[in-house]
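Throughout, the numbering used here is defined as the position within the sequence shown, counted from one, plus 84. Shown next, in structure tokens, is the structure this report addresses.
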Amino acid sequence: MARSIAEIKAQICETFISQDAIRTGYGLKENQSFDKAFSPVSLESLMFYVVASCIWLLEKLFDRHREEVDARIDALRPHTLRWYVTKTLAYMRGKDLIMTDGVVVADYYDTSGMTEADIEKARVVKYAVATEDNTQVFIKVAARGNNGQPTPLQPDDLAGLKGHLSQIKDAGVAIKVLNEPADNMRVELVVLYDQAILTAQPTGNGRPDADGYTAIRLLRDGKDVITEAVSGVISKLPFNGEYRNSDLMAALQSIEGVRVADIVKVEAAAGGSEAYSRVVGYRRPYSGYYALQNLTVRGRAYQVAE
């Protein structure tokens, strides 16, 4: 792990000032430290800072190189879960694995004559994660839609991927590929807002409920800030990442003009199902990703005297 610039500079300074020739040449007192002998803006101090910065950068590059090598080794180690993910993402539409006399002899493709753009286009699986249960490996997959978000693979691509995996998997290991539509999510919120910052636009009949809350959208500069925040939390999740109510609450509270926010309930249904269940604390998507199906916001202006 790379040392800090301050640590590196301190070691250089200590070595520098410990030399008898240096102490004699500069006329330094016995046991006088570098910081006592030289100003932070002295030529020596500035020069050592530059040297320390260069060493720090080199150490950081070594750290990054080590991480990249470790990650590559893990990805290439055969028949681990990460290996299955790597090979799933490497699947290429319309291409055959390297074969000899009709027999697959390698778990990769011959891409000679293909440009980087051709390879990227052929690799239709953009998201993948693998888990296991006893002797069965489950692989969640998705393509990338026009909106940049995960979407199910087309039937032909799914069939091709399954054939690809069957040719390279371990004998006796069952693989189940999950190619599901997004888990739908319904969110209901209560918000107290600052009228000087946010503008409320009724979404229902405009009449408040028994608690004085009205179904609204909260706008700033014409943008629906609540919908943006909720959608942002969901869309920024990594593939197969956990949704957490605490993350949603933090996003709501960070909106300028939102004085109080409360999550009434969050419900989710797996893979396009209508069987919604309440999210308590956190939830991992069955399909690997979420889609916001419905957002209900009830609110009223915040009163300082409350």
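Positions of the beta carbon are idealized from the N, C-alpha and C atoms, including for glycine. It should be emphasised that the depicted structure is a prediction, and the values quoted were computed from it without experimental measurement.
Out of L237, T215, Q285 and Y211, which one is the CA nearest neighbour of K260?
In the sequence shown, counting from the first residue as 1, residue 260 sits at position 176. If we check each option's Cα against that of K260, T215 comes out closest.
Work out the CA separation of S129 and L332 for me, nearest whole Å.
Counting from one through the sequence shown, the residue named residue 332 turns up at place 248. Counting from one through the sequence shown, the residue named residue 129 turns up at place 45. Cα to Cα, the separation comes out at about 47 Å.
Whole-angstrom Cβ separation of V271 and G383, contact assumed at under 8 Å?
Residue numbering aside, residue 271 sits at position 187 when the sequence shown is read from its first letter. Residue numbering aside, residue 383 sits at position 299 when the sequence shown is read from its first letter. 14 Å between Cβ atoms; not a contact.
Using 8 Å as the threshold, is the C-beta distance between L302 and L282 below it?
The residue you call residue 302 lines up with position 218 of the sequence shown. The residue you call residue 282 lines up with position 198 of the sequence shown. Going by C-beta atoms, L302 is nearer than 8 Å to L282.
Under 8 Å Cβ to Cβ from S250, same chain only, skipping five residues before and after it: list those, please.
By 1-based counting over the sequence shown, the position of residue 250 is 166. These residues qualify, in order along the chain: I259.
Counting only the same chain and skipping the five closest in sequence on each side, list residues whose C-beta sits under 6 Å from that of Y366.
Residue numbering aside, residue 366 sits at position 282 when the sequence shown is read from its first letter. Correct list, in chain order: E326 and R328.
How many whole angstroms separate the CB atoms of V257 and V221, which I take to be in contact at a CB cut-off of 8 Å?
Sequence index remark: in the sequence shown, residue 257 carries index 173 (1-based). Sequence index remark: in the sequence shown, residue 221 carries index 137 (1-based). About 6 Å separates the two Cβ atoms, so the contact holds.
Taking buried to mean at least 16 other C-beta atoms within 10 Å of its own C-beta, is S137 buried or exposed?
On the sequence shown, position 53 is the one that residue 137 refers to. S137 should be labelled exposed.
Alpha carbon to alpha carbon, what distance is there between Y373 and A174?
Here residue 174 refers to the residue found at position 90 when the sequence shown is read from its first residue. Here residue 373 refers to the residue found at position 289 when the sequence shown is read from its first residue. Near 20 Å, if we compare the C-alpha coordinates of Y373 and A174.
Less than 8 Å separating the beta-carbons of K224 and S371?
Counting from 1 along the sequence shown, the entry for residue 224 is found at position 140. Counting from 1 along the sequence shown, the entry for residue 371 is found at position 287. Yes, they are a contact pair.
Look at the alpha carbon of E351 and the alpha carbon of I339, and state the distance between them as a whole number of angstroms.
By 1-based counting over the sequence shown, the position of residue 351 is 267. By 1-based counting over the sequence shown, the position of residue 339 is 255. Near 23 Å, if we compare the C-alpha coordinates of I339 and E351.
Under the assumption that D241 contacts G355 (Cβ atoms under 8 Å), give the Cβ distance between them as a whole number of angstroms.
Indexing the sequence shown from 1 puts residue 241 at position 157. Indexing the sequence shown from 1 puts residue 355 at position 271. Not a contact, Cβ separation roughly 18 Å.
Just the C-alpha distance for P124 and K144, rounded to the nearest angstrom, thanks.
Counting from 1 along the sequence shown, the entry for residue 124 is found at position 40. Counting from 1 along the sequence shown, the entry for residue 144 is found at position 60. For P124 and K144, the distance between alpha carbons rounds to 25 Å.
Assuming Y110 is part of the alpha helix (DSSP H), what are its boundary residues?
Taking the first residue of the sequence shown as position 1, residue 110 is located at position 26. Here the alpha helix (DSSP H) through Y110 covers D104 to Y110.
Could you check where the alpha helix (DSSP H) with L237 kicks off and where it finishes?
As a working mapping, residue 237 is identified with position 153 in the sequence shown. L237 -> no alpha helix (DSSP H), and no H or E assigned at all.
Check the DSSP bridge columns for V275 and list the partner residues they point to.
Reading the sequence shown from its first residue, position 191 is the one you call residue 275. Looking at the DSSP assignment, V275 forms a beta bridge with A345 and G383.
For the alpha helix (DSSP H) containing E200, name the first residue and the last one.
By 1-based counting over the sequence shown, the position of residue 200 is 116. First-last of the alpha helix (DSSP H) with E200: E200 to A206.
Please report the straight-line C-alpha distance between Q337 and E264, rounded to a whole angstrom.
Translated into the one-based positions of the sequence shown, residue 337 becomes position 253. Translated into the one-based positions of the sequence shown, residue 264 becomes position 180. Those two C-alpha atoms are separated by around 33 Å.
Should Y386 and V344 be called a contact, given that it needs their Cβ atoms to be closer than 8 Å?
If you number the sequence shown from 1, residue 386 lands on position 302. If you number the sequence shown from 1, residue 344 lands on position 260. Yes, the Cβ-Cβ distance between Y386 and V344 is below 8 Å.
Nearest to D217 by CA position, among D202, E91 and L165, is which residue?
Position 133 of the sequence shown holds residue 217. Restricting attention to D202, E91 and L165, the CA atom closest to the CA of D217 is found in L165.
Buried or exposed: which applies to Y277, given that a residue is buried once 16 or more other Cβ atoms fall within 10 Å of its Cβ?
Here residue 277 is taken as the residue at index 193 of the sequence shown, counted from 1. By the neighbour-count rule (16 or more Cβ atoms within 10 Å), Y277 is buried.
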